[in-house]
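See below for the structure under consideration.
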Amino acid sequence: GLVYADENQNAVFVRRSLEGEVTGASLRGTAGKTNSFKGLAPGTRRTQGWFHIESEHSGVVQQVVLCESAIDVMSYKTLHPAQEKTLYLSTDGAGYVPLEQLKTVPRILIAFDNDPAGAEMAERLKQDLPQAQIKTLQQKDWNAVLQEHLRQVQQQLMQQQQIWRKQQQQPEIKLDRGMSL
C-alpha cells in the first residue's frame, strides 16, 4: 500500500511521518518514455513526511539508509538486504531530513546520487551526522545499479540456458559392451 498508480499513470509513493502517519505522497510520471514529471500530491509538505520502508527485522532501528528518491530506496534495499533493523528513507532530492531523530541512530549510510548535487548534500549531512558514512557508487543512482545487476543476472541465465540446450542436443555416445552416455 505504499506504492501505487494514480489515474494519470503516475507512480505514487506514500509519504509518512517516522511514526507511520500518512502525510502525503510523492509522484513520479510513468506515461511515455521521456516522461520526467516529479511532484508532490496536493496538500503534501516536504517537512512533514518521507517515503520510507523498514527491514523485516524486529527491535530498535540500528541503521538508516538515506537515498534521494523512493525508487532508489527500493533499489538499494533490493541490492543490500539488511542484517539488522534498518530504515530506508528517501530525502526526495534535496528535501528536508529529520536530523534530530537521526542523531540517535548508531549507523547512517548516505547513499545519494553520483552527481554534484548528491555529493554536496551528502557532505552537508555528514557534518550534521558525524556517525554517517557516505556510500559511493559508479553509476548515476541506485536504480541504475539495480538495473545493471539485473541485466547481468539475465545474461548469465541466458548463457546457462544456451549451454543446457546444447547439452540436450548432443547425440548419445555408444561405448564398448553396450554402455552409453
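With my numbering, you'll find the sequence shown wraps up at 481, consecutive numbering, no jumps. Glycine included, C-beta positions come from ideal geometry on N, C-alpha and C.
So what does DSSP say about residue i, is it helix, strand or coil?
{"i": "residue 414", "result": "coil"}
{"i": "residue 310", "result": "strand"}
{"i": "residue 345", "result": "coil"}
{"i": "residue 338", "result": "strand"}
{"i": "residue 326", "result": "strand"}
{"i": "residue 373", "result": "helix"}
Per DSSP, which one or two residues make a beta bridge with residue i?
{"i": "residue 386", "result": "363"}
{"i": "residue 445", "result": "BP columns for residue 445 are empty, so no partner."}
{"i": "residue 352", "result": "389"}
{"i": "residue 303", "result": "313"}
Look at the alpha carbon of residue i and the alpha carbon of residue j, and state the distance between them as a whole number of angstroms.
{"i": "residue 331", "j": "residue 311", "result": "10 Å"}
{"i": "residue 447", "j": "residue 428", "result": "32 Å"}
{"i": "residue 342", "j": "residue 378", "result": "30 Å"}
{"i": "residue 412", "j": "residue 364", "result": "13 Å"}
{"i": "residue 387", "j": "residue 338", "result": "23 Å"}
{"i": "residue 400", "j": "residue 425", "result": "12 Å"}
{"i": "residue 404", "j": "residue 410", "result": "15 Å"}
{"i": "residue 480", "j": "residue 465", "result": "Any reading at residue 480 must be qualified, since the residue scores a pLDDT of 49, below 50, and its modelled position is unreliable; the value itself is stated next. Those two C-alpha atoms are separated by around 20 Å."}
So, are the CB atoms of residue i and residue j less than 8 Å apart?
{"i": "residue 367", "j": "residue 390", "result": "yes"}
{"i": "residue 326", "j": "residue 415", "result": "no"}
{"i": "residue 375", "j": "residue 303", "result": "no"}
{"i": "residue 359", "j": "residue 333", "result": "no"}
{"i": "residue 422", "j": "residue 434", "result": "yes"}
{"i": "residue 349", "j": "residue 369", "result": "no"}
{"i": "residue 443", "j": "residue 353", "result": "no"}
{"i": "residue 408", "j": "residue 382", "result": "no"}
Does the ligand NAP have even one heavy atom less than 7 Å from the beta-carbon of residue i?
{"i": "residue 327", "result": "No copy of the ligand NAP appears in this structure; indeed no ligand is present at all."}
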